[in-house]
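Taking our numbering, the leading residue of the sequence shown gets 519, the next gets one more, and so forth.
Read through the structure below, which is laid out as structure tokens, and then see the notes.
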Amino acid sequence: ACDRNDDSQQMMNICADADYQAADAKLNATYKGLVGDGDEKSNKMLQAAQRAWITFRDAECAYSAADSEGGSIHPMEVSQCLTELTNERVKQLTSGRNCQEGDASCASPDEDEDQDMQ
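See below:
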């Protein structure tokens, strides 16, 4: 179990993995909810998009943490990347849930962040 008071690298790796597992569980619940809401065509498109996104996420995090490969910090860096991208995906998937079809005024998940950058 994760002990956030233990700052050993091994425990930080364990905690980072626990954070990722929690994010992944939330993503799976969100995805299952969306699949239950859609028609067969929409579900197939969502399934293809989700599979492609998982491939991207895993490759992106492998690349992102490549410099630490073989080091004790590597598992933590991979888990942190997986957690960050997985949480972003949950936001992407949930942002469209409350939009009515054809409503172009629905905010994209990045819209607030884009405003901050200007």
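Glycine included, C-beta positions come from ideal geometry on N, C-alpha and C.
Asked                                                                                                                                      : Found
Report the start-end ranges of each alpha helix (DSSP H) in the stretch 552-593 that is 4 residues or longer and not cut off at the edges. : 558-582
Helix, strand or coil: how does DSSP classify THR531 here?                                                                                 : The question names Thr, yet the displayed sequence has Asn at residue 531. In this structure, ASN531 counts as helix in the three-state DSSP scheme.
What is the DSSP secondary structure of ALA547, reduced to helix, strand or coil?                                                          : helix
Among GLU606, MET529 and ALA580, which one has its Cα closest to the Cα of GLN568?                                                         : GLU606
Are the beta-carbon atoms belonging to THR601 and ALA519 less than 8 Å from one another?                                                   : no
Specify the secondary structure class of GLN598 as computed by DSSP and reduced to three states.                                           : helix
Under a three-way DSSP split, which group does ALA519 fall into?                                                                           : coil
Measure the C-alpha to C-alpha separation of ASN546 and GLU558 and round it to an integer number of angstroms.                             : 19 Å
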